[in-house]
Amino acid sequence: MAQQRLRAVVTGGASGIGLATARLLSDGGAAVAVLDLHAGDVPAPLLGIRADVADDESVRAAVRSAVDALGGLDILVNNAGIGAVGTVADNPDDQWRRVLEVNLLGAVRTTRAALPHLRGSRHAAIVNTCSFVALTGVPGRALYAASKGALHALTLAMAADHVTEGIRVNCVNPGTVDTPWVDRLLDRADDPAAERARLRARQPTGRLVTADEVAAAICYLASPAAGSVTGTALAVDGGIHGLRLPAD
Ligand code: NAD
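Here the sequence shown is numbered in the UniProt record's numbering, starting from 1 and rising by one per residue.
Below you can see the structure in the form of structure tokens.
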């Protein structure tokens with residue numbers, strides 16, 4: 001019997017982890033729409049749809065277009081995110097609101113728009129991209145950590161709310177991933193090469209995570225093979241959260 005082609009929406013899929021995820025889903029046979037501020041950068045056969053996850057009307061219109069084009073929806077990957085550095089004292093309220101608007105409420109809006117369509121799927125799955133900083137105290141990341149910690153908690157709450165509807169909800173917690181995001185971070189460092197070496201050394205594996213490694217974890221959680229996996233977080237972080245190595 002022919003298997004039905006899965007249909008997926010990936011937010012923030014024009015770059016980095018989202019692009020790697022959209023490509024891997026597509027390579028695996030899924031029809032994939034990418035919702036991103038920079039939808040024009042999205043390569044075929046991925047369908048790029050411009051959306052700002054911080055704007056509810058934009059998200060609703062983009063999800064509607066995606067569902068029309070794909071003929072339904074099975075998988076939602078809430079991956080769009082922005083960074084922030086500083087302690088609680090360093091960022092004014094409007095910066096807190098901006099980051100929470102994208103990293104937390106962005107996932108809320110996209111999920112709200114997608115849920116009616118996911119309910120029509122036999123393999124419905126949502127995967128949220130969180131971060132190891134949701135679970136690990138890292139200096140100078142108060143706002144970003146709060147946004148990802150809230151998304152992590154939301155993942156569990158959503159998993160509980162929708163389990164009886166057959167919709168699974170999980171998240172990935174990446175470590176430091178070699179994407180344009182990290183390039184931008186390094187551009188701002190006094191000594192980019194030394195900062196890259198520090199980020200590498202911070203990971204017990206001694207190297208940065210690749211976007212393809214995170215994509216593989218997201219695709220597993222989104223796949224029917226993970227049919228009994230819901231309400232869980234998969235660390236793809238080179239051991240930075242779970243391991244404590246003896247100092248030499
Ligand atoms: P990236 O900057 O390469 O890609 C982020 C994408 O999100 C971009 O295409 C950007 O246009 C899109 N985007 C940003 N704001 C948006 C908005 N308001 N509406 C729609 N699209 C928007 O970054 P990345 O490293 O691939 O990060 C992807 C996700 O992974 C983020 O949620 C980030 O917090 C998370 N993450 C990244 C790392 C890392 O080290 N790179 C580690 C842990 C978690």
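Glycine residues also receive a C-beta, built at the ideal position from the N, C-alpha and C atoms.
Given the structure, does residue i come close to the ligand NAD, in the sense that its CB is under 6 Å from one of the ligand's heavy atoms?
i, result
"leucine 6", "no"
"alanine 80", "yes"
"isoleucine 126", "no"
"valine 177", "yes"
"valine 85", "no"
"proline 180", "yes"
"valine 102", "yes"
"proline 174", "yes"
"leucine 199", "no"
"threonine 111", "no"
"glycine 28", "no"
"leucine 37", "yes"
"glycine 12", "yes"
"isoleucine 17", "yes"
"threonine 155", "no"
"valine 53", "yes"
"threonine 136", "no"
"serine 65", "no"
"serine 121", "no"
"threonine 164", "no"
"threonine 129", "yes"
How would you write the range of the beta strand (DSSP E) that residue i sits in, first residue to last?
i, result
"glycine 48", "47-50"
"aspartate 36", "31-36"
"alanine 235", "233-236"
"alanine 7", "With the sequence shown as reference, residue 7 is identified as arginine, and alanine is not the correct amino acid for it. First-last of the beta strand (DSSP E) with arginine 7: 7-11."
"valine 172", "168-174"
"valine 214", "Segment 211-222 is the alpha helix (DSSP H) holding valine 214; no beta strand (DSSP E) there."
"leucine 70", "Where leucine 70 is concerned, there is no enclosing beta strand (DSSP E), although the alpha helix (DSSP H) it sits in stretches over 56-70."
Who are the near neighbours of residue i in its chain, counting only those whose CB is closer than 6 Å to its CB and skipping five residues on each side?
i, result
"asparagine 78", "Thr11, Ala107, Thr110, Asn128"
"proline 224", "His123"
"alanine 150", "Leu104"
"threonine 155", "Asn128, Val169, Cys171"
"arginine 60", "Ala113"
"isoleucine 167", "Leu118, Ala124"
"leucine 100", "Ser147"
"leucine 24", "Ala215, Cys219"
"leucine 76", "Val9, Ala114, Ile126"
"serine 15", "Pro180"
"alanine 30", "Leu6, Ala8"
"alanine 222", "Ile75, Ala125, Val127"
Over what stretch of residues does the alpha helix (DSSP H) that includes residue i continue unbroken?
i, result
"proline 180", "180-187"
"proline 192", "192-202"
"leucine 243", "Where leucine 243 is concerned, there is no enclosing alpha helix (DSSP H), given that its DSSP letter is neither H nor E."
"leucine 73", "Per DSSP, leucine 73 belongs to no alpha helix (DSSP H) and is neither H nor E."
"threonine 21", "16-27"
Spatial neighbours of residue i within its chain, please: C-beta separation below 7 Å, excluding the five flanking residues on both sides.
i, result
"leucine 19", "Gly13"
"threonine 87", "Gly140, Ala142"
"leucine 245", "Pro204"
"serine 131", "Lys148, Asn173, Pro174"
"histidine 162", "Val169"
"methionine 1", "Note on methionine 1: pLDDT 46, under 50, position unreliable in the model; the coordinate value appears next. No residues qualify anywhere along the chain."
"glutamate 213", "Val236"
"glycine 28", "Cys219"
Short of 8 Å in beta carbon distance, which residues of its chain neighbour residue i, apart from the five on each side in sequence? Order them along the chain.
i, result
"alanine 66", "Val9, Ala33, Leu35, Leu47, Ile49, Leu73"
Comparing the CB of residue i with every heavy atom of the ligand FMN, is any distance shorter than 6 Å?
i, result
"threonine 230", "Looking at this structure, you won't find the ligand FMN anywhere; what it does contain is the ligand NAD."
(request) Check whether the region 196-205 touches the region 234-248, taking contact to mean three or more Cβ pairs, one atom from each stretch, closer than 8 Å. (result) Contact between the region 196-205 and the region 234-248 is present, because at least three Cβ pairs lie under 8 Å.
(message) Could you tell me which whole alpha helix (DSSP H) segments of length 4 or greater appear in the region 80-144?
(response) You should have 93-103, 105-118.
(request) Decide if the region 49-61 is in contact with the region 89-109; the criterion is three or more beta carbon pairs, one per stretch, under 8 Å apart. (result) Counting C-beta pairs with one atom in each stretch, the region 49-61 and the region 89-109 have three or more that are closer than 8 Å, which means they touch.
(message) Using a Cβ distance threshold of 8 Å, determine whether the region 139-150 contacts the region 204-221, with at least three qualifying pairs required.
(response) Taking 8 Å as the limit for Cβ pairs, the verdict is that the region 204-221 does not touch the region 139-150.
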